[in-house]
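Sequential numbering of the sequence shown, starting at 0, is according to numbering that gives the first Met the number 0. Note that the Cβ used here is the ideal one computed from N, Cα and C, for glycine as well. Computed from a predicted model, the values in this text were never measured in an experiment.
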Amino acid sequence: MTNPPQNSPDKPGEFVPPDPPVTTKRPPSSAPPPPRRPYGPPAPPPTKLGKAIAGWKHPALPMPPALAVGAVIAGLIGAITLGPTLSSGRVGVGVLISAAAVAYMSGVSVWSAGRLTRPAKTGTARFNRTWLTFVPLALCLSAIPAVRDAEWVVLPALLLAMAMGSYAASGGRSWVEVIGGGVAILPATFLMLPWAGRGAYRTMSSGRGTAWPIIRTGLIAVGLLAVFGALFVGADAAFGTLASGLLPEVSTSTVVAYGFTGIVILLLAASAAFLGQAPPPLRMLNPDPAKPAGRWSWIVPIAALDLLFLMFCAIQARVFLADDKNELLRSTGLTYAEYARQGFFQLVVVTILVLAVVAAAMRYAPSADRRDRVTVRALLGLLCALTLVVVGVALRRLYLYEETFGWTRLRLWVHAFELWLGFVIVLVAAAGVVKGRVAWLPRAVAASGAVMMLALASINPDGYIAEHNVARYLETRKIDVYYLRTLSADAVPALDRLPEPRRTCALIELAADLSDDEPSMSANLARAQARRILTAKPIDPTADCYPTYSF
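Written as structure tokens, this is what we have:
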């Protein structure tokens, strides 16, 4: 007997709903569908630079009111001190004052972040030697515009001062951290804008701390001084003369100059504060440890290079110690002066390449075995010693060439650069060869570059060039007056020793340039001394300098 259907009626005439249709579909799942695979090649892995930028953590809190007010004050100082400089086109003591304001902001920020002093294991606090070393170097470099007038010295000094200050706020010990810290101020100028904007909004908000009352009080004081000062200027002529000497002439150009310099110093001060609070993670850019090369794969090339340097030094010693150098060089067809001139720049390139070779050898040479370490020190130590001989030969050649044909700015620049390279070779030999890898080498090289720049400025380069050319003229009666006219006011004391009409021909353009007064913030020691000399002994207006510039 068969069973009736499930939906069959129990009674005749009763309505029964039909059975639901049978389906094979599964009920919808709550899980999302799997992501589709993108078309094209897979995305490349992130680079070290990308990881470092992503890992640069910004301060969690907005810019503190004290730092915000300090940045505004630094901007006002920059407008007052550098505005006249930009208007007159002459830099002076105002650069140092503005640099001191930015350095103060950097110090306050580093101190508030707890990076100026660090607790030591013995319980005695340790100072941040990087900041305490490089900020004074930056300030000393910023003082050069107040002493020297040569633009080819002042501009590199200011760029180097900015790099020194940027690295002081960033910190770090490795080569990557030293170089990257020197340019970290550039990205920090853009990255600090949201942080500074939130801090400025917080500072300007009512009822938040004491920053806004201070700003409001300052604005009220400035407004009162402006109103009553204008009334006193109109009431008394003597007071008006005094006020006109203190206040700049209001015009479109002065407003633009003061506003531009104020904004630039404001941004630099805020960027320095940002670096003090959030230094960049430049350690992430350090290269991975290299796989050491085989023993013979680096011993043979370095030993061959040592033999080549020995041969070169032996030939140089033979020429240098010869009684009749021209007789010895007769086979080359060159005089001793021409021989000294030849190949100087090649020797400078040799010095630079040796530094690259030593760096590569210290990175890839095996150091696990004591015998390998001794071999590395012996071969690289000999190479550094022979390179110092090459540096001495290059400097000797350049000096002979300068004494024969005269001194110029380029020759003096190259002379100073080669001296610095020689000192770097000594540092590398002391650190990498004698005592192995040490952490102070990158900072020592950077500091030595700043010290070399200060030493170059201390000898008064334009004055040094003029003095040697004047002495050469008094001895040989040969001088290039046309070139001497291109020197700065630093050369006036030396050029003042020339007899007429050569003195007037060498100083006529400088005298015309120094005849105008300059703002007090553009005060410069070299220009002031040159004005005193030209006032005590004016140039001869009747001198004929136009037929020829060279005598």
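Excluding the five sequence neighbours on either side, which residues of its own chain have a C-beta within less than 7 Å of the C-beta of residue i, listed in chain order?
i, result
"residue 91", "84, 144, 145, 520, 521, 522, 523"
"residue 468", "405, 406, 478, 483"
"residue 493", "462, 465, 466, 469"
"residue 194", "57, 58, 61, 62, 273"
"residue 280", "51, 54, 55"
"residue 547", "Caution applies to residue 547, whose pLDDT of 47 falls short of 50 and renders its modelled position unreliable; the model cannot decide the point."
"residue 349", "389"
"residue 314", "none"
Assuming the contact rule is C-beta atoms closer than 8 Å, residue i and residue j should be a hit. Round their C-beta distance to whole Å, please.
i, j, result
"residue 517", "residue 87", "5 Å"
"residue 278", "residue 170", "5 Å"
"residue 474", "residue 539", "Residue 474 to residue 539, Cβ: 24 Å. No contact."
"residue 364", "residue 297", "5 Å"
"residue 152", "residue 455", "7 Å"
"residue 172", "residue 64", "About 33 Å; that fails the 8 Å criterion."
Using a Cβ-Cβ cut-off of 8 Å (strictly less than) and excluding sequence neighbours within five positions of residue i, which residues of its own chain qualify?
i, result
"residue 47", "283, 284"
"residue 262", "74"
"residue 347", "393, 413, 416, 417, 420"
"residue 510", "533, 537, 538"
Just to confirm my understanding: we take residue i, look at its own chain, exclude 5 residues before and 5 after, and list those with CB closer than 6 Å. What are they?
i, result
"residue 137", "160, 163, 164"
"residue 535", "none"
"residue 375", "364"
"residue 267", "101"
"residue 179", "281"
"residue 459", "489"
"residue 150", "none"
"residue 89", "517, 521"
"residue 197", "61"
"residue 370", "none"
"residue 141", "94, 95, 98, 160"
"residue 199", "67"
"residue 311", "none"
Taking residue i as the reference, which of the options has the closest Cα?
i, options, result
"residue 72", "58, 101, 53", "101"
"residue 491", "525, 384, 382, 103", "525"
"residue 530", "542, 512, 540, 541", "512"
"residue 543", "254, 532, 502", "502"
"residue 264", "166, 104, 449, 385", "104"
"residue 351", "390, 488, 480, 127", "390"
"residue 409", "486, 450, 386, 49", "486"
"residue 96", "387, 139, 66, 286", "139"
"residue 495", "514, 515, 537", "537"
"residue 541", "504, 299, 373", "504"
"residue 453", "147, 425, 310", "147"
"residue 308", "399, 89, 388", "388"
"residue 276", "66, 286, 44", "66"
"residue 425", "384, 358, 451, 44", "384"
"residue 576", "300, 373, 527, 411", "A question about residue 576 goes unanswered here, because the residues of the chain that appear run from 0 up to 550."
"residue 304", "497, 49, 386", "386"
"residue 457", "49, 156, 44, 127", "156"
"residue 506", "368, 480, 345", "480"
Beta-carbon separation of residue i and residue j under 9 Å?
i, j, result
"residue 477", "residue 471", "yes"
"residue 552", "residue 423", "Because the chain is modelled from 0 through 550, residue 552 falls outside the range shown and cannot be assessed."
"residue 78", "residue 233", "no"
"residue 356", "residue 381", "no"
"residue 191", "residue 269", "yes"
"residue 116", "residue 125", "yes"
"residue 442", "residue 177", "yes"
"residue 80", "residue 94", "yes"
"residue 378", "residue 271", "no"
"residue 448", "residue 260", "no"
"residue 129", "residue 166", "yes"
"residue 175", "residue 286", "yes"
"residue 427", "residue 354", "yes"
Checklist entry - Is the stretch 185 to 192 touching the stretch 283 to 302 in the sense that three or more CB pairs, one from each, lie closer than 8 Å? => result no
Next on the checklist: Could you check whether the stretch 417 to 432 touches the stretch 102 to 119, counting it as contact only if at least three pairs of C-beta atoms, one from each stretch, sit closer than 8 Å?
Outcome noted: no
Checklist entry - Is the stretch 403 to 412 touching the stretch 385 to 395 in the sense that three or more CB pairs, one from each, lie closer than 8 Å? => result no
Checklist entry - Can at least three beta-carbon pairs, one atom from the stretch 301 to 319 and one from the stretch 220 to 230, be found at a separation below 8 Å? => result no
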